[in-house]
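Since the structure comes first, as structure tokens, the remarks are kept for the end.
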Amino acid sequence: AARLASTERFWALAEVIRHTADNDECAAATAAALDAALADCSAKLGDFVRRAVAVDPAQRATVHELLAHPFIARSASVERLAASIASADIAAGVGAMQLGLPMLNAEE
Numbered sequence: 011a012a013r014l015a016s017t018e019r020f021w022a023l024a025e026v027i028r029h030t031a032d033n034d035e036c037a038a039a040t041a042a043a044l045d046a047a048l049a050d051c052s053a054k055l056g057d058f059v060r061r062a063v064a065v066d067p068a069q070r071a072t073v074h075e076l077l078a079h080p081f082i083a084r085s086a087s088v089e090r091l092a093a094s095i096a097s098a099d100i101a102a103g104v105g106a107m108q109l110g111l112p113m114l115n116a117e118e
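Now the structure itself:
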């Protein structure tokens, strides 16, 4: 049997959760999916993504905090940052927004 890529597994999980879970179950599954998606990423990238998609606004980083985050600050150029993100394969983590996690507010 063919194995699904991590992104495909995440989206399959997202669809199941979207149709069956309450908010607490959704949050727990999202956290588990993020942990799995970020397992092979650097600690700085993992922290950046988790802070960016935190459900609780008090724990969610503002745009200014994210721009000052060590993951961004260590990237000397946009090209280097793009390469870091691409090599980390965080597409599955971005899909967490489909599970109802809030988008960043540009005014924060």
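Residues in the sequence shown are numbered consecutively from 11, following the numbering used here. Just so it is clear, CB atoms sit at the ideal spot from N, CA and C, and this is done for glycine as well.
Query - Span of the alpha helix (DSSP H) around PRO80 - result: 80-83
Query raised in the report: Roughly how many whole angstroms lie between the Cα atoms of VAL65 and ALA41?
Result: 10 Å
Query raised in the report: How many angstroms separate the CA atom of SER52 from the CA atom of ARG84?
Result: 12 Å
Query - Supposed close pair ALA47, SER16 - CB separation, criterion 8 Å - result: 6 Å
Query - Own chain, CB closer than 7 Å to LEU23, minus 5 neighbours either side, in chain order - result: ALA39, ALA43
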